[in-house]
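Residue numbers (our numbering): 1 to 88. Here a beta-carbon is modelled for each residue, glycine too, at the ideal position from N, C-alpha and C. Note that the structure is a prediction, hence the values are computed from the model and not measured. Accompanying notes for the structure given below.
What follows is the structure in structure tokens.
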């Protein structure tokens with residue numbers, strides 16, 4: 001059985017994130033290839049626990065708020081889980 005250290009798990013997650021972002025861009029480009037319409041954009045910049053959210057319209061910004069809350073919750077779970085497991 002292969003043992004993974006925290007550094008290896010972190011590296012795998014970073015690489016997986018880049019791969020998923022690349023796939024999302026490709027799928028979005030293929031989906032919108034034959035259409036002409038309005039372009040919407042939004043994003044999140046997480047600096048520690050503080051999210052900076054921007055978007056071109058309210059719907060996109062609202063989706064980013066939901067995503068930011070989910071990401072912060074996931075980070076908190078991963079930060080608190082090792083302490084909880086070690087205290088048992």
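Asked: Between which two residues does the alpha helix (DSSP H) harbouring residue 82 extend?; Found: 58-86
Asked: In the DSSP assignment, what residue or residues form a beta bridge with residue 42?; Found: 55
Asked: For residue 25 and residue 32, what's the separation of their Cα atoms in angstroms?; Found: 11 Å
Asked: First and last residue of the alpha helix (DSSP H) that includes residue 8?; Found: 6-31
Asked: Would you be able to state if there are at least three C-beta pairs under 8 Å between the region 39-50 and the region 59-69?; Found: yes
Asked: By Cβ distance, which residues of its chain are closer than 8 Å to residue 68, with the 5 residues on each side in sequence left out?; Found: 44, 46, 51, 53
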